[in-house]
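Quick notes on the structure that follows.
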Ligand code: JF5
């Protein structure tokens with residue numbers, strides 16, 4: 075997968091050299107380049123922002139450097155086979171913003187299937203809307219939100235999105251099984267995990283996990299996952315297909331004080 079990131083603080087993306095993302099880059103799974111937006115400015119002050127039309131606080135990112143950056147990284151001209159001159163399809167443009175579409179594990183899976191991602195990191199009050207409107211005439215544009223809070227800029231959001239996407243790329247995670255067993259894969263939170271020692275500071279590992287009885291262990295883990303999900307994430311629980319909750323699931327929820335009517339989901 076090719077990934078380009080455009081930012082006025084390219085140093086903010088330095089962690090992408092580390093750990094498993096750095097390894098995916100070193101072995102060629104991820105071809106990542108970080109670009110300084112100011113390299114597409116032409117004035118002595120390398121201006122990227124200006125005051126908002128209509129008034130109000132803060133500054134807005136001017137469209138011209140962004141237009142030139144996107145032209146350079148997603149060339150407007152296409153060869154007869156519909157590809158850009160570098161032989162790739164047009165990239166998917168992703169713009170972190172508190173006003174974006176919520177980022178989820180499902181979106182991470184979808185992005186992991188793309189051949190080229192292009193991230194535009196806004197700062198200040200955001201990027202002039204015409205940049206996104208114009209880009210949408212030549213590529214798929216997705217404004218994406220990590221959650222209901224405001225950051226200084228899109229850079230940290232890009233770190234999060236790239237970490238979630240890179241670990242889904244073929245060959246990055248050693249153990250493929252850990253992908254489909256993980257939290258969110260089944261619409262439930264995970265049961266708690268333990269390792270040695272069996273007793274630590276007066277807290278013991280639940281007996282069932284030391285029993286060696288794989289049937290009992292699986293049942294206990296599912297019960298814990300159900301009760302955790304209904305208490306901590308009622309939104310996730312409400313989104314479950316009621317048909318996926320069998321009699322033993324309902325009994326576990328009932329013991330924890332949550333009644334699930336047959337064929338219905340407790341709100
Ligand atoms: C940003 C203007 C972009 O703050 C965020 C963000 C919050 N949730 N998800 C992303 O993005 C950076 C800040 C201001 C545009």
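Residue numbers (our numbering): 75 to 341. Ideal placement from N, C-alpha and C gives every residue a C-beta, glycine not left out. Here the structure is a predicted model, which means the values were calculated and not measured.
Exercise. Give a yes or no on whether the C-beta atoms belonging to residue 169 and residue 194 are separated by under 8 Å.
Key: For residue 169 and residue 194, yes; Cβs fall inside 8 Å.
Practice problem: Could you tell me if residue 267 is buried or exposed, where buried requires 16 or more neighbouring beta carbons within 10 angstroms of its beta carbon? | Solution: Label assigned to residue 267: exposed.
Exercise. State yes or no: is the C-beta of residue 243 nearer than 7 Å to some heavy atom of the ligand JF5?
Key: False, no ligand heavy atom lies under 7 Å from that Cβ.
Quiz prompt | The beta strand (DSSP E) enclosing residue 216, as first and last residue numbers | solution = It spans 215–219 - the beta strand (DSSP E) in which residue 216 sits, taken as one unbroken run.
Quiz item: From the DSSP output, which residues share a beta bridge with residue 79?
Solution: According to DSSP, which records beta bridges pairwise, residue 79 is partnered with 108, 193.
Exercise. Grab me the residues of residue 310's own chain with a C-beta within less than 8 Å of its C-beta, minus the 5 sequence neighbours each way, in chain order.
Key: Same-chain partners within the cutoff: 261, 262, 263, 303.
Quiz prompt | Any non-hydrogen atom of the ligand JF5 closer than 7 Å to residue 122 Cβ | solution = Here the distance from the Cβ of residue 122 to the nearest heavy atom of the ligand JF5 is not below 7 Å.
Practice problem: Report the residue from 138, 130, 92, 79 whose alpha carbon sits nearest the alpha carbon of residue 110. | Solution: Its Cα nearest to that of residue 110, the residue 79 stands out among 138, 130, 92, 79.
Quiz item: Cα-Cα, which of 152, 299, 117, 136 is closest to residue 126?
Solution: If we check each option's Cα against that of residue 126, 136 comes out closest.
Self-check item: Euclidean distance between Cα positions of residue 165 and residue 188
Solution: One C-alpha to the other measures close to 8 Å.
Quiz item: Skipping 5 residues on each side, what residues in its chain have a beta carbon closer than 7 Å to that of residue 321?
Solution: Once the five neighbours on either side are set aside, residue 321 has no close Cβ partner at all.
Quiz prompt | Which of helix, strand or coil DSSP assigns to residue 334 | solution = DSSP places residue 334 in coil when its eight states are reduced to three.
Practice problem: Please name the residue in 149, 162, 146 whose C-alpha comes closest to that of residue 76. | Solution: Residue 162 is the option with its Cα nearest to residue 76.
Self-check item: Rounded separation between residue 174 and residue 216 - CA only
Solution: Looking at the two C-alpha atoms, the distance is approximately 7 Å.
Quiz item: Taking three-plus beta-carbon pairs below 8 Å as touching, is the segment 88–99 in contact with the segment 232–252?
Solution: When Cβ pairs closer than 8 Å are counted between the two stretches, the segment 88–99 is seen to touch the segment 232–252, the count reaching three or more.
Quiz item: Any heavy atom of the ligand JF5 within a distance shorter than 7 Å of the CB on residue 192?
Solution: For residue 192, the shortest separation between its Cβ and any heavy atom of the ligand JF5 does not lie below 7 Å.
Self-check item: Straight-line Cα distance separating residue 293 from residue 328
Solution: C-alpha separation (whole angstroms): 15 Å.
Quiz item: When DSSP labels each residue in this structure, what does residue 286 get in the three-state scheme?
Solution: In this structure, residue 286 counts as coil in the three-state DSSP scheme.
Practice problem: Would you mind stating whether residue 192 and residue 167 have Cβ atoms separated by less than 8 Å? | Solution: Yes. Within cutoff.
Quiz item: When DSSP labels each residue in this structure, what does residue 246 get in the three-state scheme?
Solution: Of the three classes helix, strand and coil, the one that applies to residue 246 here is coil, per DSSP.
Practice problem: Using the Cα positions of residue 323 and residue 182, report the straight-line distance between them to the nearest angstrom. | Solution: When rounded, the separation of the alpha-carbon atoms in residue 323 and residue 182 is 29 Å.
Self-check item: Contact test: residue 200 Cβ vs the ligand JF5 heavy atom, cutoff 7 Å
Solution: Within the cutoff, so yes.
Quiz item: According to DSSP, is residue 135 helix, strand or coil?
Solution: In the structure shown, residue 135 sits in a strand (DSSP, three-state: E or B).
Practice problem: Run the CB neighbour count on residue 231, radius 10 Å, all protein chains shown included, and call it buried at 16 or more, exposed below. | Solution: Per the 10 Å Cβ criterion, buried.
Quiz item: When we look at the beta-carbon of residue 300 and count the other beta-carbons within 10 Å, is it buried (16 or more) or exposed?
Solution: Buried is the label assigned to residue 300, since at least 16 other Cβ atoms lie within 10 Å of its Cβ.
Exercise. Flag this pair as yes or no: are the beta carbons of residue 200 and residue 279 separated by less than 8 Å?
Key: One thing to note: residue 200 has its Cβ no nearer than 8 Å to the Cβ of residue 279.
Quiz item: Hey, would you say the C-beta of residue 224 is under 7 Å away from at least one heavy atom of the ligand JF5?
Solution: Placement of the Cβ of residue 224 at a distance of less than 7 Å from at least one heavy atom of the ligand JF5 is found.
Quiz item: When burial is assigned at 16 or more other CB atoms within 10 Å of the CB, is residue 202 buried or exposed?
Solution: Label assigned to residue 202: buried.
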